[in-house]
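Start counting the sequence shown at 95; every next residue gets the next number (the numbering used here). Glycine included, every Cβ here is placed at the ideal spot set by N, Cα and C. Heads up, the thing below is written out as structure tokens.
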Amino acid sequence: MSSLLLFLIICSITPHIEGWGRVGHSLVAHLAESLLDERALKWVKTRLTNQMSEIAFWADTIHFDTDNLFGFNAWRWSKPLHYINTPPWDCNYIYERDCINDRCIHGALKNYSTRLKTFDNNVHHQQDFFFLVHFVGDIHQPLHAGFNNDAGGNGVSVRFMNSTATTNLHSLWDTGMLTHRMRTEFAGNINTYYAYLHSKMLNEASKINDDNFTQWASESLDIVCKQIYFNEMNVTMNSSIRYNLGEWYYQRSWPVVEKRLIQAGARLGALLNRILIKHTESTKPPATTTQRGCYNAAFSIKFSMLNFLFIFLALSYSIDTKTVV
Ligand SMILES: *[C@@H]1O[C@H](CO)[C@@H](O)[C@H](O)[C@H]1NC(C)=O
Ligand SMILES: *[C@@H]1O[C@H](CO)[C@@H](O)[C@H](O)[C@H]1NC(C)=O
Ligand SMILES: *[C@@H]1O[C@H](CO)[C@@H](O)[C@H](O)[C@H]1NC(C)=O
Ligand SMILES: *[C@@H]1O[C@H](CO)[C@@H](O)[C@H](O)[C@H]1NC(C)=O
Ligand SMILES: *[C@@H]1O[C@H](CO)[C@@H](O)[C@H](O)[C@H]1NC(C)=O
């Protein structure tokens, strides 16, 4: 009986790894895309995706048994790559302790940015790119650098704005407050909201353009430790009861949500411009477009097949002539 209870508790705090949700990830990717220089944008569009926002959520959907009916189990290995967990209230993130064997979001950022830098026209960078876009978003959702005892806030039950539905702290930071802000201040219009975030990003871009992954993670953990767990009575929330969070909590939190979305977009854009440089250099004249590479490869395959055929014919001819003679 007690083990059943324990089982249920553990199941209920299994991390939902949606990061910013579809809306937040789309916004981050769209902001980043607007910062790509011409050649990086061209490379991305020719090779990887027509629009970055349409692939920004891929790294989550592969885990859903509703989106990926036959394959979701095959991606289990990538689940730990969505976050960093520290011991409860340990507010100093330590790579060696919290990212063993690189199996955390910081390790994944290093991995996929390195992989993407590898210049080889035959390497298909699609998954590397999809993962990187997603993880830069995730690491800026503060609770993706959270505590291991409640799976980054997934274990803390909350009701938001007197809603009858119960959610949890992690999900509230993924999507709850973001959708509330968009609905109440931007009439639920993503284009208006994007335009607002975009102009804010351009005003602040010079200050947030860095590539220090440790810093990104530390910033998130710092927000977790200083702000996220405290309600308006300054009670430290935990997994034991359900908390009501309303206007006070929201007003204090939305500026942080927005700041992190903007930082994620700006940093992702700058990062991609930096790491795609080799690929994009290779596509400048006289080598012209990337299609020429494909064309050349296809041509040389055809050519060698022709060679082979020729040798084969020559051989069979000589055999034929021998037998005739
Ligand atoms: C690095 O990327 C490869 C390919 O997706 C994957 O197999 C490996 O687990 C990744 N490692 C980390 C630490 O992200
Ligand atoms: C939630 O309910 C409380 C008490 O009934 C009320 O004071 C508060 O204004 C409500 N909050 C919202 C956002 O409706
Ligand atoms: C990266 O950020 C961390 C944490 O803020 C800092 O300790 C470290 O010195 C920074 N590294 C570089 C190369 O700037
Ligand atoms: C809230 O509580 C934390 C620790 O529980 C404390 O450090 C902080 O100063 C308190 N803030 C206010 C405004 O009372
Ligand atoms: C959890 O929080 C409740 C009230 O918010 C408090 O009464 C309880 O002592 C806390 N439990 C732990 C283990 O800190």
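Residue i Cβ short of 8 angstroms to ligand 3 heavy atom set
i      : result
Ser347 : no
Ser314 : no
Asn367 : no
Asn248 : no
Thr308 : yes
Residues of its chain near residue i, where Cβ-Cβ distance is below 8 angstroms and the 5 sequence neighbours each way are ignored
i      : result
Val252 : Thr260, Thr261, Asn262, Leu263, Leu266, Met331, Arg336, Tyr337, Asn338 and Leu339
Alpha-carbon spacing of residue i relative to residue j, whole angstroms
i      : j      : result
Met95  : Tyr343 : Caution is warranted here: a pLDDT of 38 is assigned to Met95, below 50, making its placement in the model unreliable, and the coordinate value is therefore given only provisionally. One C-alpha to the other measures close to 37 angstroms.
Asp304 : Val227 : 16 angstroms
Ile178 : Thr278 : 32 angstroms
Ala364 : Glu127 : 10 angstroms
Ser207 : His176 : 15 angstroms
Asp222 : Arg209 : 7 angstroms
Ile194 : Asp244 : 19 angstroms
Phe254 : Gln357 : 26 angstroms
Pro380 : Lys211 : In this prediction, Pro380 scores a pLDDT of 37, lower than 50, which makes its location untrustworthy; the coordinate-derived value is nonetheless stated afterwards. Cα to Cα, Pro380 sits roughly 22 angstroms from Lys211.
Cys185 : Asn325 : 19 angstroms
Gln321 : Asp214 : 45 angstroms
Ser398 : Ile188 : Caution is warranted here: a pLDDT of 42 is assigned to Ser398, below 50, making its placement in the model unreliable, and no coordinate value can be reported.
DSSP state of residue i mapped onto helix, strand, coil
i      : result
Val252 : strand
Asn186 : coil
Asn338 : strand
Asn205 : helix
Thr328 : According to the sequence provided, residue 328 is Asn. The question's Thr does not apply to it. Residue state, collapsed to three classes: coil.
Ile156 : coil
Phe240 : One detail in the question is off: residue 240 reads as Gly in this sequence, not Phe. Reduced to three states, the DSSP call for Gly240 is strand.
Ile233 : helix
Ile103 : Because the pLDDT at Ile103 is just 42, under 50, the model does not fix this residue reliably, and the value given afterwards should be weighed accordingly. Note: Ile103 maps to helix in three-state DSSP.
Asn167 : helix
Ile149 : coil
Thr180 : strand
Asn367 : helix
Neighbourhood of residue i by C-beta, 7 angstroms cutoff - its chain only, sequence neighbours within 5 removed
i      : result
Arg116 : Phe151
Asp131 : Asn367
Closer than 8 angstroms: residue i CB and nearest ligand 1 heavy atom
i      : result
Gln221 : yes
Any non-hydrogen atom of ligand 2 closer than 8 angstroms to residue i Cβ
i      : result
Glu341 : yes
Met295 : no
Met146 : no
Met255 : yes
beta-carbon residue i near ligand 5 non-hydrogen atom, thresh 8 angstroms
i      : result
Val329 : yes
Asn332 : yes
Tyr337 : yes
Cβ-heavy atom distance, residue i to ligand 4, below 8 angstroms
i      : result
Phe324 : yes
Every unbroken beta strand (DSSP E) inside the region 242-319 [3 residues or more]: Every beta strand (DSSP E) of 3 residues or more that sits fully in the region 242-319 is shown, in chain order, as 251-254.
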